[in-house]
Every structure is written in structure tokens, then in C-alpha cells.
Amino acid sequence: MADGSPEDDDETGPAPHEIGAGLLDEEMGPSSAMAHLYRGEVHRMKFWRERLDRTTRWAVIVVAALITWAFASPNNPHYVLLVGVVTIGVFLTMEARRYRGYEIWRTRVRILQENVWSYGLDPSLGVDDPEWREKLGRDYRTPTVKISAEEAIAHRLRRIYLPLSGVVLGAWLLRVTAFTSEPLPASASIGMIPGVVVMGVVAVVYLGALFVACRPRTWHAKAELRAEELRERQG
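What follows is the structure in C-alpha cells.
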């Protein structure tokens, strides 16, 4: 029989996976521990997001400098633009590693948003994952990388590096056609390397990057904004 004791209140409280129930009621502000936890995860996510942006900025600056130098004089070799492609590959590798770290913190933030804050705002929709507490607890005990290196590379290719490398490819093709008196493929040669070989290697590299970026796959990045998913939700 209920007598108003704390034990009775606990028995009638929300289930363990419904910790967000009533979290944002007017008479009850967000719990201090959960609010600080969420704020800390957002801060770490923001820090890693800024690391990604720094890599991207340096890649754009280096590519812009190489393109400017390549077109500054007809005597400047065209292959400096191919050096830009290699540079893009280096920055892409670095940024993919950082993106995998960024995804650790973003996954935690999205779990809290989906199962705590969204539930507190609208309990009628329930929680997305009843086992979110166990999963988050395990991740705090043993942080794990959430996506593969190949998926991280594909994400960064789609967002930044495929368009950026396309600009470099366009500049290189322009440089070996409109800015030289030699016809293709001879104008694409590098020293003793025939132009046909150079163009073949460039084609293989770009087709490989396009395949990695666009091949069908199951995406594991948490709450990544993709046009296909948005269209399905709107439909």
C-alpha cells in the first residue's frame, strides 16, 4: 500500500531506458549531471570538427598555390599540378583519421539527442533505442572507433576532396592542352615517362577515388546528412 515513501516514488518512476521522461518539464530543468555530460560531449565533438576544418583549409590553400604557380609562366612544368593530387591524397588520409575520431564523439552526442533530449521534448514518440544506456555505458568504458577507414575516406571524398581534386584535374587538362604547343598525349609527358602512361595513371587514380566515394555501401556514420535519406523522409 502506497504511503508516500521514496520507495513508492521509485516504483512508479520511468523505466530505466526512459531517463529522458519529464527531463524538460517546466517544473523540472535538465538534470545537472546529464546536462554537463552532454555539454562536455558537444565540446569534444566541436574540437574534432575544428581539426577537420583546419585540414581542409590547408588542402585548399596548398592546391590554390600550386594552381597559381603552374599558370604563372608557360615555362613552369605541368606536373606540379599532379604533385597537388598527391598532396590532396595526403590531406585526405589525415582528415579521414580525424573524421574517425570525430565520429566517436558525434555518435555519443546523437545518442543523447535521440534518446534523452528528444524524448524529454516529446515523450509520445518514445526512444529510438531502448538499449541506448547499455551501449553508451560500454562505449564510455571502452571507447571504440565507429566507422572504417574506407568509409571515412568516402565521406571526406564526397564532402570535400572529390570536388577539390576535380578542380586540380581540370586545371591540369587545361595546362597540357591550351597552354602548350605540343599535342596530347605528348604534352602530358614527364621527363622519360610517356604522356600516355601519365594520363593512364591519372585516370586510374581518379576512377579509384570515384569508386570509393560512390560505391553502394551501408553507412555507419551516426546521423550523417545524406540527400537520399532526406528524400525518403520527405516522401
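So the sequence shown is numbered by this note's numbering: it starts at 22 and just counts up by one. All C-beta atoms, glycine included, are put in the ideal place defined by N, C-alpha and C. These numbers were taken from a predicted model, which means no experiment stands behind them.
Beta-carbon separation (whole angstroms), Tyr182 vs Leu113, contact threshold 8 angstroms:
Here residue 182 is taken as the residue at index 161 of the sequence shown, counted from 1. Here residue 113 is taken as the residue at index 92 of the sequence shown, counted from 1. Correct: roughly 5 angstroms between the Cβ atoms.
Tyr227 vs Leu133 beta-carbon contact at 7 angstroms:
Within the sequence shown, the letter at position 206 stands for residue 227. Within the sequence shown, the letter at position 112 stands for residue 133. For Tyr227 and Leu133, no; Cβs fall outside 7 angstroms.
If you draw a straight line from the alpha carbon of Gly229 to that of Gly141, how long is it in whole angstroms?
The count along the sequence shown starts at 1 and reaches residue 229 at position 208. The count along the sequence shown starts at 1 and reaches residue 141 at position 120. Between the C-alpha atoms of Gly229 and Gly141 there is a straight-line separation of about 46 angstroms.
Kindly indicate the opening and closing residues of the alpha helix (DSSP H) around Asn74.
For the purposes of this step, residue 74 is taken as the residue at position 53 of the sequence shown. Inspection of the sequence shows that residue 74 is occupied by Asp rather than by Asn. Annotation for Asp74: the continuous alpha helix (DSSP H) segment containing it runs 53-91.
Are the beta-carbon atoms belonging to Leu73 and Trp193 less than 7 angstroms from one another?
Locating residue 73 in the sequence shown gives position 52, where the first residue counts as 1. Locating residue 193 in the sequence shown gives position 172, where the first residue counts as 1. Contact: no.
With distances taken Cα to Cα, identify the nearest neighbour of Val197 among Ile82, Arg121, Asn96, Trp240.
Position 176 of the sequence shown, counted from the start, is the residue given in the question as residue 197. The candidate whose alpha carbon is nearest that of Val197 is Asn96.
Looking only at its chain, what residues have a beta carbon closer than 6 angstroms to the beta carbon of Met115, apart from the 5 residues adjacent to it on each side?
Locating residue 115 in the sequence shown gives position 94, where the first residue counts as 1. So the qualifying residues of the chain are Thr76.
Spatial neighbours of Gly221 within its chain, please: CB distance less than 7 angstroms, with the 5 preceding and 5 following residues excluded, ordered by chain position.
Stepping through the sequence shown from its first residue, residue 221 is reached at position 200. Within the same chain, Gly221 has no close Cβ partners at all.
Out of Arg119, Arg131, Glu172, state which residue places its alpha-carbon closest to the alpha-carbon of Trp153.
Walking along the sequence shown from the start, residue 153 turns up at place 132. Ranking the options by Cα distance to Trp153, first place goes to Arg131.
Extent of the continuous alpha helix (DSSP H) run through Leu112:
Locating residue 112 in the sequence shown gives position 91, where the first residue counts as 1. Here residue 112 is Phe; the residue named in the question, Leu, does not match the sequence. Note, Phe112: alpha helix (DSSP H), 101-133.
Using a threshold of 7 angstroms, state whether the C-beta atoms of Trp138 and Arg65 are closer than that.
Taking the first residue of the sequence shown as 1, we reach residue 138 at position 117. Taking the first residue of the sequence shown as 1, we reach residue 65 at position 44. Using a Cβ distance threshold of 7 angstroms, Trp138 and Arg65 do not count as a contacting pair.
Look at the alpha carbon of Leu185 and the alpha carbon of Ile82, and state the distance between them as a whole number of angstroms.
Within the sequence shown, residue 185 is the residue found at index 164, counting from 1. Within the sequence shown, residue 82 is the residue found at index 61, counting from 1. Distance between Leu185 and Ile82, taken at the CA atoms: about 11 angstroms.
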